[in-house]
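Structure record follows, encoded as structure tokens.
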Amino acid sequence: MRPTEDHVSIIHDTVTDLLGEEASVYLFGSRVDDGCRRGDIDLYIEAFELDGSRTRIQTRLQRSLWGLLGPRRIDLLIRLAEATLRPIHRDTLEQGVRL
Numbered sequence: 001m002r003p004t005e006d007h008v009s010i011i012h013d014t015v016t017d018l019l020g021e022e023a024s025v026y027l028f029g030s031r032v033d034d035g036c037r038r039g040d041i042d043l044y045i046e047a048f049e050l051d052g053s054r055t056r057i058q059t060r061l062q063r064s065l066w067g068l069l070g071p072r073r074i075d076l077l078i079r080l081a082e083a084t085l086r087p088i089h090r091d092t093l094e095q096g097v098r099l
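Spelled out as structure tokens, the structure:
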């Protein structure tokens, strides 16, 4: 089950507030399948710069999203745009849906 338009807006706004307007957000995993009713929210985020450690940014994003979307499992995969594109990143970009 894909997120609602409100949820997409919340996710996008939260990511851009923390990582800037240039950040790209992709939904991947089970939530891309409209027939799937459950599952965590898997987000792949491409940022041009990180203000702090990746762990700290992930924690801030998860806390913000939990506060706005309610407690649920949210998996975040964050990559700097200049970093090497690994197989997991390629797979996510091929299978994911840009929000």
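Our numbering puts the first residue of the sequence shown at 1, with every later residue one more than the last. Note that CB positions come from ideal geometry on N, CA and C, so glycine has one too. Here the structure is a predicted model, which means the values were calculated and not measured.
Assigned secondary structure, residue i (DSSP; H/G/I helix, E/B strand, else coil)
i, result
"residue 101", "The structure shown has nothing for residue 101, since the chain only spans 1 to 99."
"residue 79", "strand"
"residue 19", "helix"
"residue 99", "coil"
"residue 24", "strand"
Limits of the unbroken alpha helix (DSSP H) element including residue i
i, result
"residue 40", "Unbroken run through residue 40: none, as it is neither H nor E."
"residue 85", "No alpha helix (DSSP H) contains residue 85, which DSSP labels as neither H nor E."
"residue 67", "54-69"
Per-residue burial, residue i [other beta carbons within 10 Å of its own, 16 or more giving buried]
i, result
"residue 70", "exposed"
"residue 96", "buried"
"residue 84", "exposed"
**Asked** Just checking, does the region 46-56 make contact with the region 17-32 on the three C-beta pairs under 8 Å criterion?
**Response** yes
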